[in-house]
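Undergrad: If you want the working numbering, it's the 1-based position in the sequence shown plus 1.
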Amino acid sequence: MIMADIKWKIFPVAQNVRERDDEGGTMKFRKKPVIVEASRWFKSGDNPAVTEWQGYVEDRSCPDCNTLLSRHGSIRTLEGRHIVCCGDWIITGIKGEFYPCKPDIFEATYERVEG
Ligand SMILES: [Zn+2]
């Protein structure tokens, strides 16, 4: 009985969640509706988490938006520093982490909630 209790405490999820379908294949999942905070970034000063881009001495064009890199921001994410283009959304995740998101992806993924 003691062993069973210990196993339940260590593996509470594994006993309730199937990780494969009956044929051993993948299953379909929908993301839970998590509310995040977000605002768009257009220029230095718009969001305290975004600092000035200082990636190159030479001012080159951004491969994503074709504007000069000196007009970009930089943000620290869980995966390291990330460039921020003008118009990108800055999302604050459920653990307070930041990540930039392109406007088209943002509009396809999120809808505004009140409050
Ligand atoms: Zn860009």
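Even glycine gets a Cβ: it sits at the ideal position worked out from N, Cα and C.
Quick one, which of Glu24, Ile36, Thr68, Thr27 has its alpha-carbon nearest Gly116's?
TA: On the sequence shown, residue 116 is found 115 positions in, with the first residue counted as 1. Checking every option, the nearest Cα to that of Gly116 belongs to Ile36.
Undergrad: Are there three or more Cβ pairs, one per stretch, closer than 8 Å when the stretch 67-81 is compared with the stretch 38-54?
TA: Counting Cβ pairs under 8 Å, three or more are found: they touch.
Undergrad: Less than 8 Å between the CB atoms is what I'm expecting for Pro101 and Val85, so what's the real figure, rounded?
TA: Indexing the sequence shown from 1 puts residue 101 at position 100. Indexing the sequence shown from 1 puts residue 85 at position 84. Between Val85 and Pro101 the Cβ distance is about 5 Å, and since that is below 8 Å, they are a contact.
Undergrad: Quick one: Cα of Leu79 to Cα of Ile95, how far?
TA: Residue mapping note: residue 79 aligns to position 78 of the sequence shown, counting from 1. Residue mapping note: residue 95 aligns to position 94 of the sequence shown, counting from 1. Approximately 13 Å, taken between the alpha carbons.
Undergrad: Rounded to whole angstroms, what's the CA-CA distance from Arg61 to Gly97? Just pull it up for me.
TA: In the sequence shown, counting from the first residue as 1, residue 61 sits at position 60. In the sequence shown, counting from the first residue as 1, residue 97 sits at position 96. Distance between the alpha carbons of Arg61 and Gly97: 32 Å.
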